[in-house]
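A short worksheet on the structure shown next.
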Amino acid sequence: MTKGTPSMGRRHKKTHVKCRRCGKVSFNFHTKTCASCGFGRSKRLRGYGWQKYSSNYGGN
């Protein structure tokens, strides 16, 4: 199989779909985890210290 432009045509499936906890299109359909809120991986809301000054920060 070749690499490059012909291979890009095979990438037609959706990786992320809408998360049922946060509503963002960040839920990985294959691993069943949300990259935004951590749903499927943890009961707690995902949040890190480096997000402190963000408007949607979920930690301390």
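Anchor point for the sequence shown: position 2 equals 1 in numbering that gives the first Met the number 0, and the numbering is continuous, going up by one each time. Beta carbons are placed, not taken as given, at the ideal position from N, Cα and C, and that holds for glycine. No experiment lies behind these values; they were computed from the predicted model shown.
When the beta-carbon positions are compared, residue 28 and residue 17 stay at least 8 Å from each other. The continuous alpha helix (DSSP H) containing residue 4 extends over residues 4 to 7.
The alpha-carbon of residue 12 is positioned some 18 Å away from that of residue 34.
Residue 36 has its alpha-carbon roughly 15 Å from the corresponding atom of residue 51. Residue 39 sits close to residue 32, with the two beta carbons spaced by under 8 Å.
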